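What follows is a set of notes on a single structure, which appears directly below.
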Amino acid sequence: MAKEELAEIKERIQDLKKRMPKHSVKPAMLQELEELEERLAELERD
Numbered sequence: 003m004a005k006e007e008l009a010e011i012k013e014r015i016q017d018l019k020k021r022m023p024k025h026s027v028k029p030a031m032l033q034e035l036e037e038l039e040e041r042l043a044e045l046e047r048d
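And the structure:
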């Protein structure tokens, strides 16, 4: 299950980065990216 969640989070991070504009990134997008990256780091530690 952790491997599936890991793959899903990586995919969500890639998708989010593709949708981010070069300028004027919305705070909600940055927050979501930060949360996803933190969860990814947690899973990789385990």
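Here this note's numbering is used: the first residue of the sequence shown is 3, the next is one more, and so on.
Just so it is clear, CB atoms sit at the ideal spot from N, CA and C, and this is done for glycine as well.
Note that this is a predicted model, so its numbers are computed, not measured.
What separation, rounded to the nearest whole angstrom, lies between the Cα atoms of residue i and residue j?
i: SER26; j: GLU34; result: 15 Å
i: MET31; j: LEU8; result: 20 Å
i: LYS12; j: LEU42; result: 7 Å
i: PRO23; j: GLN16; result: 13 Å
i: GLU40; j: PRO29; result: 16 Å
Starting from residue i, follow the alpha helix (DSSP H) in both directions and report where the run begins and ends.
i: MET22; result: Per DSSP, MET22 belongs to no alpha helix (DSSP H) and is neither H nor E.
Between residue i and chain C, is any beta-carbon pair separated by less than 8 Å?
i: LYS28; result: Here there is only one protein chain, and chain C is not present.
Which residue's Cα is closest to the Cα of residue i: the options?
i: LEU18; options: GLU44, ALA43, GLU37, ASP48; result: GLU37
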